[in-house]
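Novice:
There are 2 protein chains.
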Amino acid sequence: MKDNRSLLEDLALESVQRHGLKALSFRTLADEIGIKSSSVHYYFPEKSDLAEVLIARYRDELFSSLQAIELQSSSLKKKISAFITIFERVAKDDRLCLCGMLAAEVEHLSEHNKQLLASLFSDMEKWLTRTFELQRTSINSSLTSAQLARASLSGLEGALLVDRAMGNHRRLKAQKEFILSQLT
Amino acid sequence: MKDNRSLLEDLALESVQRHGLKALSFRTLADEIGIKSSSVHYYFPEKSDLAEVLIARYRDELFSSLQAIELQSSSLKKKISAFITIFERVAKDDRLCLCGMLAAEVEHLSEHNKQLLASLFSDMEKWLTRTFELQRTSINSSLTSAQLARASLSGLEGALLVDRAMGNHRRLKAQKEFILSQLT
DNA sequence: GTCTATATACAGATAGAC
DNA sequence: GTCTATCTGTATATAGAC
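Chains as they are written, first to last, in the working numbering: chain A, 2 to 185; chain B, 2 to 185.
Okay, structure coming up:
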C-alpha cells in the first residue's frame with residue numbers, strides 16, 4: 002500500500018506527460034485519490050514544488066535505466082537500441098517524454114524548474130555523446146558524436162510529439178531506423 | 002492599416018506558437034489591440050473557431066513556401082536546405098512550429114481541429130516524401146523516402162522543441178547536418 | 001462592431017478547526 | 001494529515017444596449 006504522497010506523484014506524472022503541466026489541477030488530482038485539494042497543498046505547497054519533484058523522479062529513473070544499459074549492452078548498436086526502447090515504452094503508454102512536454106510549456110515554468118529541465122536534457126545528451134564517442138569506430142557518419150547525440154535525442158522527442166498527433170508510432174520507428182542506420 | 006480580425010489572428014498565432022493554445026486568453030488578446038473580449042467573440046465565437054483559422058492560415062503560408070521551393074531550387078540538397086530554412090526562421094523568432102505546439106496540446110483540441118492538425122502533418126510528410134523520391138538517386142541512405150520524410154520532419158519539430166528549453170539553436174543545427182549528410 | 005454587465009466554472013492558494 | 005470554508009484571480013461564453 003503506497004502512501005498518498007507517492008500516489009499523487011504517480012498520478013501527476015502521468016497527467017503531465019499526457020495533458021501537460023498547465024492542465025494539471027490540484028483539485029482533480031485530489032479527487033482521484035479521494036482527498037481534498039488543500040491536502041495536496043500539504044505535500045506540495047505550490048504547483049512548482051510538485052513539478053520539481055516530478056523532474057527529479059524522472060531524472061532518477063532515467064539515469065538508472067542508462068546505467069543498466071551500460072552494464073547490459075556491449076555493442077554500440079545494442080546500447081542505442083536500448084536507449085530508444087525507453088522512448089518506445091513512453092509511446093506505448095500514450096505519453097510524451099516528461100522533458101518534451103515541459104519543453105513545450107517552458108514559458109510557464111519557474112526559473113528554477115527551467116534550469117532543472119535544461120540540465121536534464123544536457124545530461125541526457127552528454128550520456129549519448131559519451132556513449133557514441135567510446136565506440137566511435139562503430140559510427141558511419143560525418144557528424145561529431147556531440148552532433149549525433151543532439152540530433153538523436155531531439156529527433157526522438159519530436160517523433161513522440163508528432164506520433165501523438167497522428168495516432169500511430171511511425172515516426173518513432175523511422176527515427177529509430179534513421180539513427181541505427183548510422184551505426185555498424 | 003489592418004482590420005481587427007487580421008490583427009487578432011496575427012497576435013493569436015504568435016501567442017500560440019510561444020505559449021500554447023491553452024494559455025491563449027481572449028481577454029489578453031483583446032487588451033493587446035484595445036478592445037473587449039466580447040468583441041473577440043464576435044469574430045471567433047469559440048476558441049476552437051480561432052484555432053481552426055490559425056491552422057488554415059499556417060497551412061496556406063506553408064504550402065506557398067513549399068511551392069516556391071519547388072520552383073526556385075534545383076538539387077535535392079538545395080530543396081531540403083530551403084525546407085529547413087522555414088524552421089530556422091521559426092526558431093529565430095523564439096517560436097515553435099504551430100503544428101508542434103498543437104501536437105503537445107492535442108488532448109485539448111476539438112475533434113475537428115485534431116483532424117486538421119493530422120492532415121497538415123500528413124501533407125508536409127507527403128511533400129517531403131515526393132521531393133525525396135523525385136531525386137532518389139541523390140540520397141545515400143538505406144531508408145525509404147517515406148521513412149526519411151517522417152524522420153526529417155519529426156526531427157526538425159523535436160529540434161525546435163528542445164532548443165527552446167536549452168536557449169540555443171544547436172539541435173536544429175545538428176538536425177540539419179544530420180539530414181543533409183544523407184544527401185549528395 | 002463594440003460595449004457593459006453578467007453567468008458560470010475552475011484555477012491556485014491559505015486560514016484555522018479537528 | 002485531512003478537513004471546511006473562503007479569498008482571489010481568471011477563464012469561456014452570452015445577452016442585450018448602442
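No residue lacks a Cβ here, since even glycine has one placed at the ideal position from N, Cα and C.
Between the alpha carbons of Tyr44 (chain B) and Ser65 (chain B), how many angstroms are there, rounded?
Specialist: On the second sequence, position 43 is the one that residue 44 (chain B) refers to. On the second sequence, position 64 is the one that residue 65 (chain B) refers to. Near 26 Å, if we compare the C-alpha coordinates of Ser65 (chain B) and Tyr44 (chain B).
Novice: Show which residues of chain A have a CB atom less than 8 Å away from the CB atom of Lys23 (chain B).
Specialist: By 1-based counting over the second sequence, the position of residue 23 (chain B) is 22. The answer, in chain order, is Gly21, Lys23, Ala24.
Novice: Exposed or buried, Glu10 (chain B), counting other C-beta atoms within 10 Å across all chains shown (16 or more means buried)?
Specialist: Indexing the second sequence from 1 puts residue 10 (chain B) at position 9. It counts as buried.
Novice: Using alpha carbons as the reference points, say which of A:Val54, A:Leu117, A:Ala147 lies closest to Lys127 (chain A).
Specialist: In the first sequence, the residue the question calls residue 127 (chain A) occupies position 126. Ranking A:Val54, A:Leu117, A:Ala147 by Cα distance to Lys127 (chain A) puts A:Ala147 first.
Novice: Within this structure, are the beta carbons of Leu181 (chain B) and Ser139 (chain B) separated by less than 9 Å?
Specialist: For the purposes of this step, residue 181 (chain B) is taken as residue 180 along the second sequence, with counting starting at 1. For the purposes of this step, residue 139 (chain B) is taken as residue 138 along the second sequence, with counting starting at 1. Taking 9 Å as the Cβ cut-off, Leu181 (chain B) and Ser139 (chain B) do not qualify as a contacting pair.
Novice: Starting from the Cα of Leu162 (chain A), find the closest Cα among B:Thr132, B:Phe122, B:Glu33, B:His170 and give me that residue.
Specialist: Against the first sequence, residue 162 (chain A) aligns to sequence position 161. The shortest C-alpha separation from Leu162 (chain A) is found at B:Phe122.
Novice: If we ignore side chains and look at the alpha-carbon of each, how far apart do Ile70 (chain B) and Glu158 (chain B) end up?
Specialist: Here the question's residue 70 (chain B) lines up with position 69 in the second sequence. Here the question's residue 158 (chain B) lines up with position 157 in the second sequence. Straight-line Cα distance between these residues: approximately 19 Å.
Novice: From Glu134 (chain A) to Arg171 (chain B), what does the alpha carbon distance come to, in whole angstroms?
Specialist: Mapped onto the first sequence, residue 134 (chain A) falls at position 133. Mapped onto the second sequence, residue 171 (chain B) falls at position 170. When rounded, the distance between both Cα atoms is 18 Å.
Novice: Considering only C-alpha positions, which residue in the set A:Ile34, A:Arg90, A:Leu51 is nearest to Lys3 (chain A)?
Specialist: As a first step, residue 3 (chain A) is located in the first sequence; it is residue number 2 there, counting from the start. Checked all of A:Ile34, A:Arg90, A:Leu51; the closest Cα to Lys3 (chain A) is A:Ile34.
Novice: Please report whether the beta-carbon of Lys93 (chain B) lies at a distance below 9 Å from any beta-carbon of chain A.
Specialist: The count along the second sequence starts at 1 and reaches residue 93 (chain B) at position 92. No, because no Cβ of chain A sits closer than 9 Å to the Cβ of Lys93 (chain B).
Novice: Are the beta-carbon atoms belonging to Ala1 (chain A) and Lys115 (chain B) less than 9 Å from one another?
Specialist: Residue numbering for chain A in the displayed model covers 2 to 185; residue 1 (chain A) lies beyond these limits and cannot be assessed.
Novice: For Gly156 (chain B), count neighbouring Cβ atoms within 10 angstroms of its own Cβ and tell me buried if that reaches 16, exposed if not.
Specialist: As a first step, residue 156 (chain B) must be located in the second sequence, where it is residue number 155. Gly156 (chain B) is buried by the Cβ-count criterion.
Novice: Within 10 Å of its beta-carbon, does Asp95 (chain A) have 16 or more other beta-carbons around it, so buried, or fewer, so exposed?
Specialist: As a first step, residue 95 (chain A) is located in the first sequence; it is residue number 94 there, counting from the start. Burial call: exposed.
Novice: If you drop the 5 nearest sequence neighbours on each side, which residues of the same chain put their C-beta closer than 6 Å to that of Leu173 (chain A)?
Specialist: In the first sequence, the residue the question calls residue 173 (chain A) occupies position 172. For Leu173 (chain A), where only same-chain residues beyond five positions count, the Cβ hits under 6 Å are Ala92, Ala160, Asp164.
Novice: At a Cβ threshold of 9 Å, is His109 (chain A) touching chain B?
Specialist: Along the first sequence, one-based indexing puts residue 109 (chain A) at 108. Yes, His109 (chain A) counts as interfacial toward chain B.
Novice: Could you compute how far the alpha carbon of Leu22 (chain A) sits from the alpha carbon of Ser7 (chain A)?
Specialist: Residue 22 (chain A) sits at position 21 when you count from the first residue of the first sequence. Residue 7 (chain A) sits at position 6 when you count from the first residue of the first sequence. Spanning the two alpha carbons is a distance of roughly 18 Å.
Novice: Over what stretch of residues does the alpha helix (DSSP H) that includes Cys100 (chain B) continue unbroken?
Specialist: As a working mapping, residue 100 (chain B) is identified with position 99 in the second sequence. That run of the alpha helix (DSSP H) goes 99 to 105.
Novice: For Leu184 (chain A), which residues does DSSP report across the bridge?
Specialist: Here residue 184 (chain A) refers to the residue found at position 183 of the first sequence. Answer is A:Ile140, bridged to Leu184 (chain A).
Novice: How far does the alpha helix (DSSP H) with Leu162 (chain B) in it reach, from first residue to last?
Specialist: Position 161 of the second sequence, counting from 1, holds the residue named residue 162 (chain B). Its alpha helix (DSSP H) spans residues 146 to 167.
Novice: Spell out whether any CB of chain B is found under 9 Å from the CB atom of Lys78 (chain A).
Specialist: Along the first sequence, read from residue 1 onward, the residue named residue 78 (chain A) stands at position 77. No, Lys78 (chain A) does not count as interfacial toward chain B.
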